[in-house]
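S.K.:
Chains as they are written, first to last, in this note's numbering: chain V, 24 to 384; chain Z, 21 to 169.
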């Protein structure tokens, strides 16, 4: 059979920032020449509606995928999970400088409930804001391509498993026709198997062919952190959250979400709710913890007196009033767990403080 | 001269010199000509750790209001906006820190001063500042822990 392909998806920035466009285009143009890599361009991950051909293409790929987007990797990964594009987290060496050394192995082994039905393939998410030129990305993509072509053993174990009909179909007919975009709206030029070895390679561009996507605003849940505590469903009064048949929390009606309001993310005790488009890194899915995200001490030095719960309540009230409803303040769905934090035993702060006693001041 | 006080932050001793006044947003203010020299207390520096970036949003010789945001500070572990401790006039900044803010860590009560401020506002005595620290220590820890999630 054909060698295992690496699918590289470039998710465009919102707006028409020329620098960003340039990087996207240069990456696409150069990746098309890379053997073993399929490349395609889709609109911003956050904005694609569920039946967009870009998403359908992503869903049709059964092999490893690298997604390059203008998002924090956590945000990209969990948007894709939400859209049914799942995989084990692929480790990229291309990360922002802040999140390198102290990064812990907390993800898959954490206390979160985890993503369901994860197929045995890797999903790499790379933030296009990390480097401004194409070269570092190309280098990393070649490395990832190598990493994945060497893993035939894992591939075989997958064959031994129970692939769904669609997966099997695709595995047995690895090349030409695009298996998944079965709806009529898939653009004719969209052959996802453009292989880079053809005579006139063109990147598959699923962004340009359709009417521009509208910007969207909604939360995505990081299931590696989510403990299914239900604080968010209690707090949000707009019916965004629901539970699945196994009583797992999910974002059920994402378009009920109020644009600009990240209140549920603030009340989440595990910081598991990501608003990919929020301006504050912690809410937009930057890798939390002390390593990636610095502690903001502004409140201690005289900044706004509100804590995050008060902020969340104010944001929620503002949205309720805009909807012509009554503000509820603290009376509805205020988390109880946060209050339990104080008596917690040794934690990171203690370690941080005590560990630094050894330093010279 | 009044004796120095100490506030225990966990195992760390934050020294609060007795020769100056304080503000509740963790700055010290020491009389210097007709103004105060203002700097970060040992408590502040302890939380910030190694400061490597300092920037001011206002020009020297401007009026500032209590809690007005006047600058930004960044360290290896933390970021924070900086706020004026009281209504007054910001006379000048410590220019040396703008090139190299490390004196904040090495000599926070001396060469690590931040700016000169003229103010008539009431300030805290060392003992009052330590009381303020004690009263808010639980809340401080909670606030920081909340961010570590």
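The beta carbon of each residue, even a glycine, is placed where N, CA and C say it ideally should be.
Which ranges does the beta strand (DSSP E) cover as unbroken runs of at least 3 residues, wholly within the segment 37-94 of chain V, from first to last along the chain?
M.R.: The qualifying runs are 60-65, 88-92.
S.K.: Please check if any C-beta of chain V sits within less than 8 Å of the C-beta of residue 45 of chain Z.
M.R.: It does; some Cβ of chain V falls within 8 Å.
S.K.: Taking only the alpha-carbon atoms, compute the straight-line gap between residue 283 of chain V and residue 240 of chain V and give it to the nearest angstrom.
M.R.: About 7 Å.
S.K.: Are residue 297 of chain V and residue 97 of chain V touching if we call contact CB-CB under 8 Å?
M.R.: Going by C-beta atoms, residue 297 of chain V is nearer than 8 Å to residue 97 of chain V.
S.K.: Using a Cβ-Cβ cut-off of 7 Å (strictly less than) and excluding sequence neighbours within five positions of residue 168 of chain V, which residues of its own chain qualify?
M.R.: 29, 59, 60.
S.K.: Answer yes or no: does any C-beta atom of chain V fall closer than 8 Å to that of residue 34 of chain Z?
M.R.: No, no contact with chain V.
S.K.: When you compare only the Cα positions, how much space is there between residue 81 of chain Z and residue 118 of chain Z?
M.R.: C-alpha separation (whole angstroms): 17 Å.
S.K.: According to DSSP, is residue 125 of chain Z helix, strand or coil?
M.R.: It is helical.
S.K.: If you draw a straight line from the C-alpha of residue 152 of chain Z to the C-alpha of residue 44 of chain Z, how long is it?
M.R.: Near 7 Å, if we compare the C-alpha coordinates of residue 44 of chain Z and residue 152 of chain Z.
S.K.: Taking residue 149 of chain V and residue 172 of chain V to be in contact with their CB atoms under 8 Å, please state how far apart those CB atoms are, rounded to whole angstroms.
M.R.: Actually they are not in contact, since the Cβ atoms of residue 149 of chain V and residue 172 of chain V sit about 19 Å apart, beyond 8 Å.
S.K.: Put residue 352 of chain V into one of helix, strand or coil per three-state DSSP.
M.R.: It is helical.
S.K.: Since residue 343 of chain V and residue 260 of chain V should fall inside the 8 Å C-beta cutoff, what is the C-beta to C-beta distance between them, to a whole number of angstroms?
M.R.: Yes, they are in contact, since the Cβ atoms of residue 343 of chain V and residue 260 of chain V sit about 6 Å apart, within 8 Å.
S.K.: Flag this pair as touching only if the segment 106-124 of chain Z and the segment 133-149 of chain Z have three or more C-beta atom pairs under 8 Å; answer yes or no.
M.R.: Segments in contact, yes.
S.K.: Quick one: what's got a C-beta closer than 7 Å to residue 299 of chain V's C-beta in the same chain, skipping five residues either side?
M.R.: For residue 299 of chain V, where only same-chain residues beyond five positions count, the Cβ hits under 7 Å are 69, 94, 98, 102, 243, 307, 308.
S.K.: Does the Cβ-Cβ distance between residue 93 of chain Z and residue 71 of chain Z come in under 8 Å?
M.R.: Their beta carbons are under 8 Å apart, which means residue 93 of chain Z touches residue 71 of chain Z by this criterion.
S.K.: Given a threshold of 16 other Cβ atoms within 10 Å of its Cβ, counted over all protein chains shown, does residue 141 of chain Z qualify as buried or as exposed?
M.R.: With fewer than 16 other Cβ atoms within 10 Å, it is exposed.
S.K.: DSSP three-state label for residue 66 of chain Z, please.
M.R.: The answer is helix: DSSP assigns residue 66 of chain Z an H, G or I state.
S.K.: Rounded to whole angstroms, what is the Cα-Cα separation between residue 286 of chain V and residue 97 of chain Z?
M.R.: Answer to the nearest angstrom: the Cα atoms are 26 Å apart.
S.K.: Determine the chain Z residues that contact residue 134 of chain V at a beta-carbon separation under 8 Å, and present them in chain order.
M.R.: Neighbours of residue 134 of chain V on chain Z: none; closest Cβ ~12 Å, over 8 Å.
S.K.: Go to residue 340 of chain V, then tell me how far its alpha helix (DSSP H) extends in each direction, as first and last residue.
M.R.: Where residue 340 of chain V is concerned, the enclosing alpha helix (DSSP H) stretches over 331-345.
S.K.: Name the residues in the segment 317-351 of chain V whose C-beta lies less than 8 Å from a C-beta of chain Z; which are they?
M.R.: Listed in sequence order: 317, 318, 319, 320, 321, 322, 323, 324, 325, 326, 330, 331.
S.K.: Is DSSP giving residue 320 of chain V helix, strand or coil here?
M.R.: Coil, per DSSP.
S.K.: Would residue 288 of chain V be called buried (16 or more neighbouring beta carbons within 10 Å of its own) or exposed?
M.R.: Its Cβ being crowded by 16 or more others within 10 Å, residue 288 of chain V is buried.
S.K.: For residue 264 of chain V and residue 291 of chain V, I'd like the C-alpha separation in whole angstroms.
M.R.: Near 13 Å, if we compare the C-alpha coordinates of residue 291 of chain V and residue 264 of chain V.
S.K.: For residue 281 of chain V, count neighbouring C-beta atoms within 10 Å of its own C-beta (all shown protein chains included) and say buried if the count is 16 or more, exposed if not.
M.R.: Classification for residue 281 of chain V: buried.
S.K.: Could you pull the DSSP bridge partners for residue 145 of chain V from this structure?
M.R.: Paired residues: V/111.
S.K.: Roughly how many angstroms lie between the CA atoms of residue 325 of chain V and residue 130 of chain Z, to the nearest whole one?
M.R.: Roughly 22 Å between the two C-alpha positions.
S.K.: Distance check for residue 92 of chain V and residue 229 of chain V, CA to CA, integer angstroms please.
M.R.: Straight-line Cα distance between these residues: approximately 15 Å.
S.K.: Name, please, each residue of chain V whose Cβ falls closer than 7 Å to the Cβ of residue 100 of chain Z.
M.R.: Per Cβ cutoff of 7 Å: 319, 320, 321, 324.
S.K.: Kindly list, in the order they appear in chain V, the residues whose Cβ is closer than 9 Å to that of residue 56 of chain Z.
M.R.: Here the premise fails: no neighbours, minimum Cβ distance about 16 Å.
S.K.: Indicate whether residue 88 of chain V and residue 146 of chain V have their beta-carbon atoms separated by less than 8 Å.
M.R.: Going by C-beta atoms, residue 88 of chain V is nearer than 8 Å to residue 146 of chain V.
S.K.: Is there at least one Cβ from chain V nearer than 8 Å to residue 124 of chain Z's Cβ?
M.R.: No, residue 124 of chain Z does not count as interfacial toward chain V.
S.K.: Applying a beta-carbon distance threshold of less than 9 Å, which residues of chain V neighbour residue 103 of chain Z?
M.R.: Those within 9 Å of residue 103 of chain Z in chain V are 321, 324, 325, 326.
S.K.: Give the secondary structure of residue 288 of chain V by DSSP, where H, G and I count as helix, E and B as strand, and everything else as coil.
M.R.: Residue state, collapsed to three classes: helix.
S.K.: Taking the alpha carbon of residue 42 of chain Z as the reference point, which residue from Z/106, Z/84, Z/100 has its own alpha carbon closest?
M.R.: When each option's Cα is compared against that of residue 42 of chain Z, the closest is Z/106.
S.K.: What does the alpha-carbon distance come out to for the pair residue 103 of chain Z and residue 89 of chain Z?
M.R.: Cα to Cα, the separation comes out at about 4 Å.
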